[in-house]
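Colleague: Just so we're aligned, residue 4 is where the sequence shown starts under the numbering used here, counting upward by one. All residues carry an ideal CB built from backbone N, CA and C; glycine is no exception. From a predicted model like this one, the values you see are computed outputs, not experimental measurements. I am attaching a structure below and will ask some questions about it afterwards.
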Amino acid sequence: MAAAAERVNALRASIAQHDYRYYVLDDPEVPDAEYDRLVKQLKALEAEHPELVSPDSPTQRVSGAPASEFGEVVHRVPMLSLDNAFEPDDIERFDRRIRERLETEDSIAYSCEPKLDGLAVTLLYENGQLVRGATRGDGIHGEDVTANLRTLPTVPLRLVGDRFPAVLEARGEVFMSLDGFARMNREALEKGEKVFVNPRNAAAGSLRQLDPRITATRPLEIFFYGVGFVEDAELPGRHSELLAQLRDWGLRVSAETTVARGAEGLLAYYAAIGARRPTLKYQIDGVVYKVDSLLQQRELGFVARAPRWAIAHKYPAQEEMTTVRDVEWQVGRTGALTPVARLDPVFVGGVTVSNATLHNVDELRRKDVRAGDSVIVRRAGDVIPEVVRVVIERRPAGAVDVQVPGVCPVCGSEVRRIEGESVLRCTGGLVCAAQRKESLKHFAGRRAMDIDGLGDKVIEQLVDTKMVKNAADLYSLSAEQLAGLERMGEKSARNLVDAIERSKTSTLPRFLYALGIPNVGESTALAVAESFGDLEPLQSADVERIMEVPDVGPVVAAAIREFFGEARNRAVLDGLRRRGVSWPIVEAERSTHQPLSGRTFVLTGTLPSLSRADAASAIRKAGGRVTSSVTKKTDYLLAGDDPGSKLTAANELGVRIITEAEFSVLIVARSPS
Ligand code: 9MJ
């Protein structure tokens, strides 16, 4: 009996320590399987000795029956809100006001934190045990959501160590990661349930469930950023030290926090986090600056519900509402028709947006976007703006459904939809001016033939005036002809002719990529070039031979075969060669030593020294395959900094994850002696 109690305690301590290493330090000590084994042992012991079950046991996260409503909690120390700032000037003024109030010329030290876009909560620990959790509510009264907060794996039921205050109210933000949100919505869709609009609403909806068993299934997380009521403790003198202290007690704090000095330091932090914002695993709507010295904080005090010593510096909203003027169809390089919403211009994600993609017919139908609709537009990072959803409550009477075109809006050729695909395609090929323009833009692009000065506007004029019908025609243009175009001086015309001339000396991978064969991106072009060495053998190769190229499947092989089988394309290729476009023959001879033969790799993130293209090329030369997504067949994920969702997938599937350093060892280690 005593032995069982001891064993139960030891298991709980051990599980708590692993939780701390995993969630707070982000540095797990044992594999998941070992952790699961400990939990299983604890469950078994508790089943045998029910009298040993206690509320802070990790097996008791989900407990209690569904509530009919939440109880009210009165916060002993009010939960403050923050003043907002948007412009650098606001921050300069904030910093100046603080120095004036503190009557100092010295630069002020600030604790800087990302501002999570979720819900503020407070967690009460008595003698290290979690006893209550509540929402912020109006700052004075919140809702008792203890049973729900207990289900978050990142909320410790018991603090770590023994040097914590007798009473500690820890405050933080509950949120849902972007991955978690996407996963949850995917599952909801599959089950035909309601999907949430954004991670913030999903977090709020999940935390306010009356049945904690539902909350337990939702991927909620927390970061702590401060304290409320504290009893019987010497707290450190600085906010940054307080955050470190919270971390030591087992409360998870964002890894992005830092200390900066003066307005300049704050603005640098804002820019640095802003640049990383699109790659963060969760949504933030700004950053928060807090005077670091708690003594200075006390001196500064509060106005109304907000402290004078802190401010939230917001990023431009990534989602805004606007009105759809019309939905038009854009024709791309391969003839794909994309529905595009023309919008009343709206400032979102830092730029003015007046067009947003609707991706394809199925998306258009699913979102049911009509002219006149109010829509939510989203722009995150450098991603093209998209319509998230229609605000259906605001749909005007008589909003008209979008017609799917039967013929190409540019050339009038028939539009076809391939069985099983969402894509509508114009069948006009190079007859279609839109396709011609887009293929020329692609051909001239920096990663293709790299023709400096041949921008979109020039290409549009060249096609509209029929001076250029295909890529080969570019190489017969004279400076005189070009100087006749709008906004083209003699000097730029001459420069452009020179740039076109220079592009004649190319490489086979670039040239193949420039042709714009459907589904042939840069890495496929490189693999094909390395396998064939020159254009002629590729032109006469059959599908089976093309499929021998590493990473080329039947769809890509068929696209390549079809491209070269087309007489019009062959004529353009002849024209290009006749006018002097050339490349050195690629050493088709492969390294005979193939240490990675039969191994499949996926690359993700930024590698310390190799570019992704170089790493891919090294893998292929060594006989390995490079694919774009992680599956059960993947042998290795070569991961650099900021790896993204492939890392999650690899972890889930148990795919081996290696660094660049390990990769170089792998190549060497598998070399023959
Ligand atoms: C968020 N939302 O991440 C505060 N917050 O501090 C951070 N919110 C805050 N601090 C005092 N990092 C009141 C609110």
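Could you name the residues, in chain order, whose CB is less than 6 Å away from a heavy atom belonging to the ligand 9MJ?
Modeller: Those satisfying the condition are, in chain order, LEU83, LEU85, GLU116, LYS118, LEU119, GLU176, TYR228, GLY229, VAL291, ALA313.
Colleague: Going along the chain, which residues of its own chain have a beta-carbon closer than 7 Å to the beta-carbon of ILE454, five neighbours each way excluded?
Modeller: Within the same chain, ILE454 has close Cβ partners ALA447, ALA502, ILE503, SER506.
Colleague: Below 8 Å on the Cβ atoms is my guess for VAL177 versus LEU122; work out the distance and round it to an integer in Å.
Modeller: The Cβ separation is near 5 Å, so the contact holds.
Colleague: Suppose the cutoff is 8 Å on Cβ atoms and the five residues either side in sequence are ignored; what does the same chain contact list for ARG726 look like?
Modeller: Any question about residue 726 goes unanswered here, given that the chain covers just 4 to 676.
Colleague: Assuming the contact rule is C-beta atoms closer than 8 Å, ARG369 and ASP404 should be a hit. Round their C-beta distance to whole Å, please.
Modeller: Actually they do not touch by this definition, with Cβ atoms about 14 Å apart.
Colleague: Identify, in the order they occur along the chain, each residue of the same chain with its Cβ nearer than 7 Å to the Cβ of TYR25, setting aside the five sequence neighbours on each side.
Modeller: Taken in chain order, the residues that qualify are PRO31.
Colleague: Who pairs with THR176 in a beta bridge, going by DSSP?
Modeller: Strictly speaking, residue 176 in this sequence is Glu, with Thr absent from that position. Looking at the DSSP assignment, GLU176 forms a beta bridge with ALA123, PHE226.
Colleague: I'd like the span of the beta strand (DSSP E) that includes HIS144, first residue to last.
Modeller: 144 to 146 is the extent of the beta strand (DSSP E) around HIS144.
Colleague: Where does LEU171 fall in DSSP's three states?
Modeller: In the structure shown, LEU171 sits in a strand (DSSP, three-state: E or B).
Colleague: Quick check on this structure: which residue in VAL330, LEU127, ASP347 has the alpha carbon closest to the alpha carbon of VAL1?
Modeller: Shown here, the chain extends from 4 to 676; a query on residue 1 therefore has no answer.
Colleague: By Cβ distance below 7 Å, which residues in the same chain neighbour ASN130 in space, the five residues on each side in sequence not counted?
Modeller: These residues qualify, in order along the chain: ALA169.
Colleague: Give the straight-line distance between the Cα atoms of ALA36 and ARG250, rounded to the nearest whole angstrom.
Modeller: So the alpha carbons of these two residues sit roughly 25 Å apart.
Colleague: How would you call LYS118, buried or exposed, if buried means at least 16 neighbouring beta carbons within 10 angstroms?
Modeller: LYS118 should be labelled buried.
Colleague: Using a 10 Å radius around the Cβ and a threshold of 16 neighbouring Cβ atoms, would you call GLU483 buried or exposed?
Modeller: Label assigned to GLU483: exposed.
Colleague: Could you tell me if VAL11 is buried or exposed, where buried requires 16 or more neighbouring beta carbons within 10 angstroms of its beta carbon?
Modeller: Buried.
Colleague: Compare the C-alpha of PRO215 against each of LEU155, VAL575, GLY231, ARG301 and name the closest.
Modeller: Nearest C-alpha to PRO215: LEU155.
Colleague: Spatial neighbours of MET550 within its chain, please: CB distance less than 6 Å, with the 5 preceding and 5 following residues excluded, ordered by chain position.
Modeller: Here the set comprises ALA560.
Colleague: Quick check: the segment 136 to 154 against the segment 180 to 188, are at least 3 beta-carbon pairs closer than 8 Å?
Modeller: The segment 180 to 188 vs the segment 136 to 154: no contact.
Colleague: Give a yes or no on whether the C-beta atoms belonging to ILE661 and LEU641 are separated by under 7 Å.
Modeller: Going by C-beta atoms, ILE661 is nearer than 7 Å to LEU641.
Colleague: What is the DSSP secondary structure of PRO342, counted as helix, strand or coil?
Modeller: Correct three-state label for PRO342: strand.
Colleague: Just to confirm the assignment, what range does the beta strand (DSSP E) spanning LYS293 have?
Modeller: Taken as a continuous stretch (DSSP letters only), the beta strand (DSSP E) holding LYS293 covers 287 to 294.
Colleague: So what's ARG564 in DSSP terms, helix, strand or just coil?
Modeller: DSSP places ARG564 in helix when its eight states are reduced to three.
Colleague: Does the separation of the CB atoms of VAL330 and PRO342 fall below 7 Å?
Modeller: Yes, these two residues count as a Cβ contact at 7 Å.
Colleague: In this structure, what does DSSP give as the bridge partners for SER314?
Modeller: Note on residue identity: the sequence assigns Ile, not Ser, to residue 314. DSSP lists TYR292 as partners of ILE314.
Colleague: Taking ASP22 as the reference, which of LEU160, GLY74, LEU133 has the closest Cα?
Modeller: ASP22 has its Cα closest to that of LEU160, out of LEU160, GLY74, LEU133.
Colleague: Less than 7 Å between C-beta atoms, sequence neighbours within five positions excluded: which residues of the same chain meet that for ALA475?
Modeller: Cβ within range, chain order: VAL575, GLY578, LEU579, ARG582.
Colleague: Got a sec? Which residues, its chain only, sit under 6 Å from LYS46 by beta carbon, not counting five neighbours each side?
Modeller: Excluding residues within five positions, the ones whose Cβ falls inside 6 Å are THR62.
Colleague: So, with DSSP's three-state summary, where would you put GLN333?
Modeller: If DSSP states are grouped into helix, strand and coil, GLN333 belongs with the strands.
Colleague: Looking at the secondary structure, which residues open and close the alpha helix (DSSP H) in which ILE661 lies?
Modeller: From DSSP, ILE661 is part of no alpha helix (DSSP H) but of the beta strand (DSSP E) over 659 to 661.
Colleague: Please classify GLY229: is it buried, with 16 or more other beta-carbons within 10 angstroms of its beta-carbon, or exposed?
Modeller: Buried, because 16 or more other Cβ atoms sit within 10 Å of the Cβ of GLY229.
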